[in-house]
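Engineer:
There are 2 protein chains.
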Amino acid sequence: MPAAFKTLPAPPGLPEPLPEPAVADLRLEEVMGALSSSLRLTIVRKLLLESEEFDHSCHWFGLDRPKSSLTHHFKALREAGVTRQRQYGLERRSQVRIDDLNARFPGLLDLVAAWTPQP
Amino acid sequence: MPAAFKTLPAPPGLPEPLPEPAVADLRLEEVMGALSSSLRLTIVRKLLLESEEFDHSCHWFGLDRPKSSLTHHFKALREAGVTRQRQYGLERRSQVRIDDLNARFPGLLDLVAAWTPQP
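Sequences listed follow chains E and F, in order.
Letter 44 of the first sequence, counting from 1, is numbered 132 in our numbering, and no numbers are missing.
Letter 29 of the second sequence, counting from 1, is numbered 117 in our numbering, and no numbers are missing.
(1) Counting Cβ pairs closer than 8 Å, one from the region 126-140 of chain F and one from the region 160-170 of chain F, do we hit at least three?
(2) Whole angstroms is fine: what's the gap from A171 of chain E's alpha carbon to V111 of chain E's?
(3) How far does the beta strand (DSSP E) with R180 of chain E in it reach, from first residue to last?
(4) Whose Cβ in chain F lies nearer than 7 Å to the Cβ of Q206 of chain E?
(5) Under 7 Å Cβ-Cβ, which residues of chain F neighbour G121 of chain E?
(6) Checking the sheet assignment: what are the DSSP bridge partners for Q76 of chain F?
(7) Can you find a C-beta in chain E that's less than 8 Å from the C-beta of F193 of chain F?
(8) Can you give me the C-alpha to C-alpha distance between G177 of chain E and H147 of chain E, rounded to a whole angstrom?
(9) According to DSSP, is M89 of chain F part of a helix, a strand, or is it coil?
(10) Going by DSSP, what residues sit across from S145 of chain F in a beta bridge?
(11) I'd like the list of long-range same chain contacts for V119 of chain E, defined as Cβ closer than 8 Å, with 5 residues on each side in sequence excluded.
(12) List, in order along the chain, the chain E residues whose C-beta lies closer than 9 Å to that of L129 of chain F?
(13) Check each residue of the region 129-150 of chain E: if its Cβ is closer than 9 Å to any Cβ of chain F, include it; give the result in chain order.
(14) Are the C-beta atoms of D198 of chain E and some chain F residue less than 8 Å apart?
(15) Can you tell which of F:Q173, F:D198, F:R185, F:L123 has the C-alpha that lies nearest to the C-alpha of P107 of chain F?
(16) Between which two residues does the alpha helix (DSSP H) holding F162 of chain E run?
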């Protein structure tokens, strides 16, 4: 049975999502590629298990990487269809496309939630 | 419930497996990386669903790629722990590490079996 992941209610005045693949166009090879990095697994896992808001900016994750590198990784996750990003002024925030991924790739997010970084 | 994949009995005089990660050392990010290519998904899916022998050489797959490219892809699958390769004389044959992957990443192989190449 799939785990219940943390989802929080949408705030009012939500911006439109940035461009992303439709759920029918999600490709397993692209999703796997997006999840083939421990940094990106860390991002998705933290969103799944620790979200405190509807979506989160890169600052929330506390990742020790240059902003340009983080921007690249968050974009890769969105373009593969793993996350949805919205632009709030100067800031982009991400959430996991839980329903879409569960519909197309059942069990995939459970594997991400169960993942632990290499010690 | 995990699907039952095709496994065939081991022939006598089986060579030792080529170097591979132990089941406890399998890393989700490495496995995802190995499965982030439609060619490698094709290989693993065919082994899961259509195996006719214990393991198969690259010729069996009927892939229209140069041998050096195929050698690279089969090696990438083995080094990530997705497949086990054995050397039979001049030929290497591969099988999927079904039990190991089901133990560490339940449901992953079902996603591969359900995958279809982009039309």
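Virtual Cβ for every residue (Gly too), placed ideally from N, Cα, C.
Structural biologist: Reading from the atomic positions:
(1) yes
(2) What you label residue 171 of chain E is simply residue 83 of the first sequence in a count that begins at 1. What you label residue 111 of chain E is simply residue 23 of the first sequence in a count that begins at 1. The sequence as given places Thr at residue 171 of chain E; Ala does not occur at that position. Cα to Cα, the separation comes out at about 11 Å.
(3) As a position in the first sequence, residue 180 of chain E is number 92, starting the count at 1. That run of the beta strand (DSSP E) goes 179-184.
(4) Residue mapping note: residue 206 of chain E aligns to position 118 of the first sequence, counting from 1. Simply R115.
(5) Here residue 121 of chain E refers to the residue found at position 33 when the first sequence is read from its first residue. Within chain F, the residues near G121 of chain E are S124.
(6) Absent from the structure is residue 76 of chain F, since the part of chain F shown begins at 89 and ends at 207.
(7) For the purposes of this step, residue 193 of chain F is identified with residue 105 of the second sequence, where counting begins at 1. It does; some Cβ of chain E falls within 8 Å.
(8) What you label residue 177 of chain E is simply residue 89 of the first sequence in a count that begins at 1. What you label residue 147 of chain E is simply residue 59 of the first sequence in a count that begins at 1. Roughly 15 Å separates the two Cα atoms.
(9) In the second sequence, counting from the first residue as 1, residue 89 of chain F sits at position 1. Low confidence applies here, because M89 of chain F scores a pLDDT of 46, under 50, leaving its location unreliable; read the following figure in that light. Correct three-state label for M89 of chain F: coil.
(10) As a position in the second sequence, residue 145 of chain F is number 57, starting the count at 1. Its beta-bridge partners are F:R181.
(11) As a first step, residue 119 of chain E is located in the first sequence; it is residue number 31 there, counting from the start. Within the same chain, V119 of chain E has close Cβ partners A168, G169, V170, L189, F193, L196.
(12) Residue numbering aside, residue 129 of chain F sits at position 41 when the second sequence is read from its first letter. For a Cβ distance threshold of 9 Å, residue set L116, E117, M120 of chain E lies close to L129 of chain F, ordered along the chain.
(13) L129
(14) Working through the first sequence from its first residue, we reach residue 198 of chain E at position 110. Yes, its Cβ sits closer than 8 Å to a Cβ of chain F.
(15) On the second sequence, residue 107 of chain F is found 19 positions in, with the first residue counted as 1. Ranking the options by Cα distance to P107 of chain F, first place goes to F:Q173.
(16) Residue 162 of chain E sits at position 74 when you count from the first residue of the first sequence. Its alpha helix (DSSP H) spans residues 155-168.
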